[in-house]
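Participant: Below you will find the structure I want to go over with you.
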Amino acid sequence: MVEDKDMLLMNDQADDGRVIYNPWRQLRQFTAARIGIGRAGVSTPTRESLEFQLAHAQARDAVHTELDVEGLQQDLLSLQKNFPSFNHNPPLLLQSQAVDRMSYLQRPDLGRKLDDASFASLKPYQVTSPYDLALVIADGLSATAIHHNAVPFISALLPILSEGIQNFSLAPISLVRQGRVAIGDDIGETLNARAVLILIGERPGLSSPDSLGLYLTWSPKRGLTDDKRNCISNVRQAGLSYPAAAHKCLYLLSEARRLQCSGVAIKDRSTAKIIDNSAVQTSFLLDNKVDRKGVDGK
Amino acid sequence: MGQAYRYQLGSKTYHFADLADLMAKATPARSGDRLAGVVAESAEQRVVAQLLLAEVPLKTFLNEMLVPYEDDEITRLIIDEHDAEAFAVIAHLTVGDFRNWLLSDNATTDVLKQISMGITPEMAAAVSKIMRNQDLILVAQKCRVVTAFRNTIGLPKRLSTRLQPNHPTDDVNGIAASMLDGLLYGSGDAVIGINPATDNVTQATRLMKLMDEVISLYEIPTQSCVLTHVTNTLECIENGAPVDLVFQSIGGTEKTNRSFGFNLAVLAEAQQAALSLNRGTVGQNVMYFETGQGSSLSANAHHGLDQQTCEARAYAVARKFSPLLVNTVVGFIGPEYLFDGKEIIRAGLEDHFCGKLLGLPMGCDVCYTNHAEADQNDMDNLLTLLGTAGCSFVMGIPGSDDIMLNYQTTSFHDALYARRVLGLGAAPEFETWLEKMQIMSNAGLAQLTNHLPPAFAGTLNSSAVRRYYG
Chain S
-9 MVEDKDMLLM
1 NDQADDGRVI
11 YNPWRQLRQF
21 TAARIGIGRA
31 GVSTPTRESL
41 EFQLAHAQAR
51 DAVHTELDVE
61 GLQQDLLSLQ
71 KNFPSFNHNP
81 PLLLQSQAVD
91 RMSYLQRPDL
101 GRKLDDASFA
111 SLKPYQVTSP
121 YDLALVIADG
131 LSATAIHHNA
141 VPFISALLPI
151 LSEGIQNFSL
161 APISLVRQGR
171 VAIGDDIGET
181 LNARAVLILI
191 GERPGLSSPD
201 SLGLYLTWSP
211 KRGLTDDKRN
221 CISNVRQAGL
231 SYPAAAHKCL
241 YLLSEARRLQ
251 CSGVAIKDRS
261 TAKIIDNSAV
271 QTSFLLDNKV
281 DRKGVDGK
Chain C
25 MGQAYRYQLG
35 SKTYHFADLA
45 DLMAKATPAR
55 SGDRLAGVVA
65 ESAEQRVVAQ
75 LLLAEVPLKT
85 FLNEMLVPYE
95 DDEITRLIID
105 EHDAEAFAVI
115 AHLTVGDFRN
125 WLLSDNATTD
135 VLKQISMGIT
145 PEMAAAVSKI
155 MRNQDLILVA
165 QKCRVVTAFR
175 NTIGLPKRLS
185 TRLQPNHPTD
195 DVNGIAASML
205 DGLLYGSGDA
215 VIGINPATDN
225 VTQATRLMKL
235 MDEVISLYEI
245 PTQSCVLTHV
255 TNTLECIENG
265 APVDLVFQSI
275 GGTEKTNRSF
285 GFNLAVLAEA
295 QQAALSLNRG
305 TVGQNVMYFE
315 TGQGSSLSAN
325 AHHGLDQQTC
335 EARAYAVARK
345 FSPLLVNTVV
355 GFIGPEYLFD
365 GKEIIRAGLE
375 DHFCGKLLGL
385 PMGCDVCYTN
395 HAEADQNDMD
405 NLLTLLGTAG
415 CSFVMGIPGS
425 DDIMLNYQTT
435 SFHDALYARR
445 VLGLGAAPEF
455 ETWLEKMQIM
465 SNAGLAQLTN
475 HLPPAFAGTL
485 NSSAVRRYYG
């Protein structure tokens, strides 16, 4: 829709009140950055200004949307029917010590701890022979990320886990309101799980209001720090796909079981990238055929 | 041991345990101090603390250490390098008198420069706590800090910009596309500075080479920087990479900086290494520092101080190494430290004021995250206020959207807005270049040309761009 405008070259006439388009907008082929947006005077044109406002509004809404626990519970219950390896208990509904979003945003320490009622409700599910994995779903900074991605990701993960690990045992799934990453430690420790995987809404970006983050912690205990965790980021339809994320999870969990630890000790070789320094890539910006003399007017 | 402070207001007696407690309670409200548990318990207590703080002699800050001298190399730096001669002019003042003096006509640009090394970060922080926003703007505007590398930053009526062409995978064409966009909007005189997505020596070298080649090809009077860890940059220099500026995030306590993985000796080594390359043409300020309120608390290294005092102490680190640029990344850290637009704006003005008063080329990343209670209007306000205060530089990014760091900062357009409404130019060498390249027809008025500058027309017809359209 804007493409034909993109290709319009600017003319040299005075700005007569219309938007000046930027022909280099075509360089968006190389980046998602908002380049070549044109200008009204020196300001952002109306359309681009409102597009930005829309993206920001969506990110804001993602931060403040409440986790739809009833909907999630329903979806997870129907998943249970399809996957026999699933724990047969219904999803557990938990809450951090942050009572609402305002307290959550200003007191990260409270979002990392379960409240007393939640601890009590976990106790009946505590086992003596540990679960292999506890799955925890927390709203984090984007309930939207959970609504869009949690159930599809778990659907991709479960078959891979039951195939990849023999006699795999899963704890009941926990749903946490106002939760941060470390709250998984409280849950995993109380349930007695060998590992905890928390699915959490990441801080929304302007172009990614629904990005899901996954954190794996081996032998979860209250007070562990982030260097004991492995993270998989940007799980969403326009980001890392569910099957790819599920395979990474299996890899990390297998490594954690082998090494009996998680965090910096595990190198995620599934994404190892080698940068070839001898062949420094060149850029279009250096591929400029212009006659330098002509530029200097000589 | 420091003294306790006491104030009788009507029938009520207020107690403050020591100078650190008094400073913290006197700080305008912000969420980070609440998180640290050092915030004033009521609005009245805050003003009582301010009343008491105004009575504290400036000399007290030379005798009473907020972080123990024995435990902290930044305290030692502050005390050991304090210039008693420069301090003599204000040595008789209390914090409250100091505010009056700063606002007075006696405190001219020249005088403020002369006393700068006599002011400690704690004195600057203390006086800022009893100043209103307009005071912070007025005094900062009188301070002049001029630095140079391939151009001159901080001259009167100038506002420079850091071109920040970040890309989530460090793709060279993605970065180049944002660089071109910025240059064609007149951005990049403070520095072209990339936050790498992959933070290692190989990647940093690759990005340094890219920027160096662009700067050489188009003969841009500016400098480049990859914002990687100082030890990475040192290794890049050893490997012969084209390093203009050395970057490091710094904090106001030794423990904070240890958590960042460096100390003062490492910074000194890096500065010497960069100086040895002798790549500056009009000056040799080779360091670029970033700071931000909340970093010490975040590293659990705040020693019970409020976050603004910790921040001011980081400026002692910065001024030791004669930086080209110091940037307070004010709204990046999130709402648990600065909750909303009001707190971000206040912090931005405080940081700019304290930095300038202490003699630093202070710029500001006027920014916010999506979980903060802030929006573009708050940023417009802060940008306009900082432009008025004589801020050295701000960021420039396509459409305010950093697609790598996932936050919003000022756009190329925003900088042009500020230049126009406030009558501010870019660095003079850069303005000459903008006109020579036909990017601007009148750089002093921030007037862009309406045609595609010929020197860049070729690049849009380059094989890489054409290949895509087949």
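If you read the protein sequences in the order shown, they are chains S and C. Residue numbers for the first sequence follow the numbering used here, so the first one is -9 and each next one is one higher. Residue numbers for the second sequence follow the numbering used here, so the first one is 25 and each next one is one higher. Just so you know, even glycine gets a beta-carbon here, dropped at the ideal spot from N, CA and C. As the structure is a prediction and not an experimental result, all values here were calculated from the model.
1. Give every residue of the same chain whose Cβ lies closer than 6 Å to the Cβ of Phe436/C, excluding the five residues on either side of it in the sequence, and list them in chain order.
2. Between the segment 354 to 363 of chain C and the segment 166 to 173 of chain C, can you find at least three pairs of beta-carbon atoms closer than 8 Å?
3. According to DSSP, His39/C sits in a beta bridge with which residue or residues?
4. Could you check which residue in Ala234/S, Leu123/S, Ala255/S has the C-alpha nearest to that of Phe76/S?
5. How long is the line joining the alpha carbons of Tyr242/C and Arg29/S, rounded to whole angstroms?
6. Are the C-beta of Ala45/S and some C-beta of chain C separated by less than 9 Å?
7. Find the nearest neighbour of Glu335/C within the set Leu187/C, Ser319/C, Ser346/C, judged by alpha-carbon distance.
8. Going by alpha carbons, who is nearest to Met311/C out of Leu59/C, Glu293/C, Cys415/C, Asn485/C?
9. Tell me whether Leu151/S, by its Cβ, gets closer than 8 Å to a heavy atom of the ligand NAD.
10. Can you give me the Cβ contacts of Phe377/C inside the same chain, cut-off strictly under 7 Å, excluding the 5 residues immediately before and after it?
11. Who are the neighbours of Ala148/C on chain S, taking C-beta pairs under 9 Å?
12. Between Asn79/S and Pro149/S, which are expected to be in contact by the criterion C-beta below 8 Å, what is the C-beta distance as a whole number of angstroms?
13. Leaving aside the five residues before and after Ser322/C along the sequence, list all residues of the same chain whose C-beta is less than 8 Å from its C-beta, in chain order.
14. If distances are taken between C-alpha atoms only, which option among Val196/C, Gln462/C, His191/C comes closest to Val489/C?
15. Using only the alpha-carbon positions, how far apart do Thr412/C and Leu446/C sit?
16. Determine contact between the segment 92 to 99 of chain C and the segment 47 to 55 of chain C, defined as no fewer than three beta-carbon pairs at a distance below 8 Å.
17. So, does the CB of Phe143/S fall closer than 9 Å to a CB anywhere in chain C?
18. Which first and last residues belong to the beta strand (DSSP E) in which Trp208/S is found?
19. Near Ala22/S, what residues of its chain come up, given a Cβ to Cβ distance below 8 Å and the 5 sequence neighbours on each side ignored?
20. For Ile10/S, which residues in chain C fall below 9 Å Cβ to Cβ?
21. Which word fits His326/C, buried or exposed, when buried means at least 16 other C-beta atoms lie within 10 angstroms of its C-beta?
22. Please name the residue, chosen from Asn485/C, Ser424/C, Ala470/C, that lies closest to Leu40/S on a Cα-to-Cα basis.
23. What are the start and end residues of the alpha helix (DSSP H) that includes Asn139/S?
24. Measure the CB-CB distance between Ala479/C and Met461/C and report whether it falls below 9 Å.
25. Sorted by chain position, which residues of the same chain lie with C-beta nearer than 8 Å to Arg370/C's C-beta, five sequence neighbours on each side aside?
26. Between which residues of its own chain and Pro477/C is the CB-CB distance below 8 Å, once the five residues before and five after are set aside?
27. Only counting the same chain, and skipping five residues up and downstream in sequence, which positions put a Cβ closer than 6 Å to that of Val9/S?
28. If Gln96/S sits next to Arg337/C, beta carbons under 8 Å apart, how far is it from one beta carbon to the other, in whole angstroms?
29. Please compile the residues from chain C whose C-beta is within a distance smaller than 7 Å of the C-beta of Leu57/S.
30. Between which two residues does the alpha helix (DSSP H) containing Gln74/C stretch?
31. Let's see if you can read the secondary structure: which residues bound the beta strand (DSSP E) around Tyr312/C?
32. So, does the segment 220 to 228 of chain S touch the segment 138 to 153 of chain S, judging by three or more C-beta pairs under 8 Å?
33. Check each candidate in Tyr121/S, Val186/S, Lys103/S and name the one with the smallest Cα separation from Gln156/S.
34. Show which residues of chain S have a CB atom less than 8 Å away from the CB atom of Arg303/C.
35. In the structure shown, what three-state DSSP assignment does Gln165/C receive?
36. Return yes when the Cβ of Pro220/C is within less than 9 Å of the Cβ of Val267/C, no when it is not.
Facilitator: Once the coordinates are examined:
1. Gly206, Tyr209, Ser211, Gly420
2. no
3. Arg30/C
4. Leu123/S
5. 24 Å
6. yes
7. Ser319/C
8. Glu293/C
9. Absence of the ligand NAD from the depicted structure is noted, as is the absence of any ligand whatsoever, leaving it without description.
10. Ser152, Leu160, Val163, Ala164
11. Per Cβ cutoff of 9 Å: no residues; Ala148/C is ~27 Å from chain S at best.
12. With a Cβ gap of about 20 Å, Asn79/S and Pro149/S do not count as contacting.
13. Ile357, Tyr361
14. Val196/C
15. 7 Å
16. no
17. no
18. 202 to 208
19. Ser197
20. Leu472, Asn474
21. buried
22. Ser424/C
23. 133 to 154
24. yes
25. Pro52, Arg54, Asn157
26. Leu208, Met461, Gln462, Ile463
27. Gly28, Ala30, Pro35
28. The Cβ separation is near 24 Å, so there is no contact.
29. Simply none; closest approach about 15 Å.
30. 67 to 79
31. 311 to 315
32. yes
33. Tyr121/S
34. Those within 8 Å of Arg303/C in chain S number zero; the least Cβ separation is about 19 Å.
35. helix
36. no
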